[in-house]
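Residue numbers (our numbering): 69 to 251.
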């Protein structure tokens with residue numbers, strides 16, 4: 069079974085359990101913390117992936133690291149996954165949980181690339197425009213790419229809006245080349 073399918077099933081189980089116990093938002097916060105901690109600490113990630121370290125030792129380390137930060141439900145889930153020798157899936161489970169949580173709550177992420185950093189008011193305007201277009205709550209992720217010259221490129225879900233000067237120049241160049249070649 070593929071890693072994504074296994075991770076998706078564990079994430080779905082955790083979501084169902086959290087919904088049943090009316091603790092979805094708390095578990096979401098725990099999962100985000102778990103994901104960020106694994107990404108920030110290579111030694112923790114390596115320990116979770118190691119087949120040499122036994123499950124009980126991994127559980128002891130997880131308890132020591134996370135017991136004061138995770139809710140009881142989240143900690144029990146992480147211990148269960150570890151006891152089943154699936155600790156190497158924990159990061160992927162966290163990623164899948166976040167994806168499923170966002171689907172349930174109609175949240176999407178938009179990647180906005182601009183030539184220069186944009187102000188908070190422009191971010192709010194872009195966010196409200198995208199929310200009106202998608203009907204979902206939008207989280208913006210901004211990045212700066214000076215090669216755009218001006219304007220912005222927005223990627224949201226499977227759509228790409230290219231309102232950059234470099235994009236328009238490339239399009240004009242392509243049209244000119246096609247016009248010249250077709251004559």
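Just so you know, even glycine gets a beta-carbon here, dropped at the ideal spot from N, CA and C.
Between which two residues does the alpha helix (DSSP H) containing residue 170 stretch?
Per DSSP, the unbroken alpha helix (DSSP H) holding residue 170 starts and ends at 158-172.
Can you find a C-beta in chain D that's less than 8 Å from the C-beta of residue 125?
This model lacks chain D altogether; it includes just one protein chain.
Going by DSSP, name the residue or residues bridged to residue 231.
Partner(s): 220.
Please return the same chain residues whose Cβ sits closer than 6 Å to the Cβ of residue 86, not counting the five positions on each side in sequence.
Within the same chain, residue 86 has close Cβ partners 92, 95.
Let me know if residue 137 comes out buried or exposed under the rule of 16 or more other beta-carbons within 10 Å of its beta-carbon.
Exposed: under 16 other Cβ atoms inside 10 Å.
Which first and last residues belong to the alpha helix (DSSP H) in which residue 74 is found?
That run of the alpha helix (DSSP H) goes 71-88.
Do residue 105 and residue 116 come within 8 Å of each other at the CB atom, strictly closer than that value?
Result no, Cβ atoms of residue 116 and residue 105 do not sit closer than 8 Å.
Limits of the alpha helix (DSSP H) - the one that residue 178 falls within:
It is not in any alpha helix (DSSP H) - residue 178 instead sits in the beta strand (DSSP E) that spans 175-182.
Beta-ladder partner(s) of residue 154, from DSSP
Bridge partners of residue 154: none, in fact.
Determine the burial state of residue 231: buried for a count of at least 16 other Cβ atoms within 10 Å of its Cβ, exposed for fewer.
Residue 231 comes out exposed.
Spatial distance of residue 170 from residue 82 (CA atoms):
Going from the Cα of residue 170 to the Cα of residue 82 covers about 14 Å.
Euclidean distance between Cα positions of residue 254 and residue 219:
Outside the displayed span of the chain (69 to 251) sits residue 254, for which this structure offers no information.
Between the segment 213-228 and the segment 174-183, can you find at least three pairs of beta-carbon atoms closer than 8 Å?
Contact holds: three or more Cβ-Cβ distances are below 8 Å.
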